[in-house]
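Quick note on numbering: the sequence shown equals residues 0 to 248 in numbering that gives the first Met the number 0.
A short write-up of the structure that comes next.
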Amino acid sequence: MKPLAMITGATSGIGEACARKFAAGGYDLIITARRQERLEALKRELAGLGAAVTTLCFDVRDLEATKAALAGLDGLAIDVLINNAGLALGLEKEYEGDFDDWNTMIDTNVKGLLTVTRLIVPGMVKRNSGHVINIGSVAGDAAYAGGAVYCATKAAVKTITDGLRIDLADTAVRVTNIKPGLVETNFSIVRFHGDEQRAENVYKGIDPLTGADIADVAFYAASAPKHVQIAEVLVLATHQASGSVIHRD
Ligand code: NDP
Ligand code: 8X3
């Protein structure tokens, strides 16, 4: 039987690239997000790679919807969970930030990730087998201008990941935090509420990472020998040195 990976936020960017990488690497998949038609399109594409794909359409901020969607997975042994669904909204100074933006980031990046983890990991513990890969960020290492709340959510992902690893140390379940720097996806378009020009400027003068670069790291972590736990990986573009130090041509 093929191994099974579940990827949240698979309709775009890093999650979509992970779906392609894991399907090509011999996994069957459960792909989730809020946009059903994109999930279905990806499912059709991945079928071409021989992957059996289940799509689940739900908002990770909605506890009851998430519970209901995942309840349908009864009996499916998930080998790898990639908690990827997430976003940044806005780049205002902390004292001028938008309350709705803050709530959406915290509810998605922190509470949504926790909800999915809480619902999937007990099955892994029961089987004494599995791997949770959380998509954190370099933003979780230190705050940058205008990024306080987003950075705080990714700092929370680091702490939540570390805590889970501690709580699973007596099991064979592995836990990884991947912390990307600048990755060119829909991330900045979402952050700037659809302002494509402003989003494009984020990646000007630097050769940014791609979703596929991060998928390679996730697949490497999942493919490591069972006694090897890739606990944390910081992945930066060559001309990025930290969340706020970026050299541009
Ligand atoms: P994208 O905007 O391209 O993809 C985000 C994905 O998350 C989409 O598939 C979206 O699907 C899903 N998503 C967002 N909100 C929800 C929700 N409430 N419920 C379910 N799914 C949701 O961005 P990226 O691929 O760049 O981002 C993926 C992750 O990587 C995020 O956690 C982000 O913080 C992190 N990251 C990104 C970096 C970057 O520079 N791009 C760097 C470091 C980390 P849909 O809209 O269909 O629900
Ligand atoms: C996304 C990377 O530096 O734009 O987490 O915050 S950054």
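Each residue gets a CB set at the ideal place from its N, CA and C atoms; glycine is no exception.
Since the structure is predicted, the reported quantities are computational estimates derived from the model, not experimental observations.
{"Item": "Inter-residue spacing [alpha-carbon to alpha-carbon] between residue 219 and residue 103", "Value": "31 Å"}
{"Item": "beta-carbon residue 84 near ligand 1 non-hydrogen atom, thresh 7 Å", "Value": "yes"}
{"Item": "For residue 185, the first and last residue of its enclosing beta strand (DSSP E)", "Value": "That residue, residue 185, is in no beta strand (DSSP E); it is neither H nor E in DSSP."}
{"Item": "Per-residue DSSP class, three states only, for residue 123", "Value": "helix"}
{"Item": "Cβ-heavy atom distance, residue 181 to ligand 1, below 7 Å", "Value": "yes"}
{"Item": "Limits of the unbroken beta strand (DSSP E) element including residue 4", "Value": "3-7"}
{"Item": "At least three beta-carbon pairs within less than 8 Å, the region 137-150 to the region 196-209", "Value": "no"}
{"Item": "6 Å Cβ shell around residue 117 - same chain, five flanking residues per side excluded", "Value": "none"}
{"Item": "Supposed contact pair residue 73 and residue 64 - C-beta distance, whole angstroms, cut 8 Å", "Value": "Incorrect: roughly 17 Å between the Cβ atoms, too far for contact."}
{"Item": "DSSP three-state assignment for residue 65, whether helix, strand or coil", "Value": "helix"}
{"Item": "Beta-carbon gap between residue 208 and residue 180 smaller than 8 Å", "Value": "yes"}
{"Item": "Whether residue 177 touches residue 234 by CB criterion (8 Å)", "Value": "yes"}
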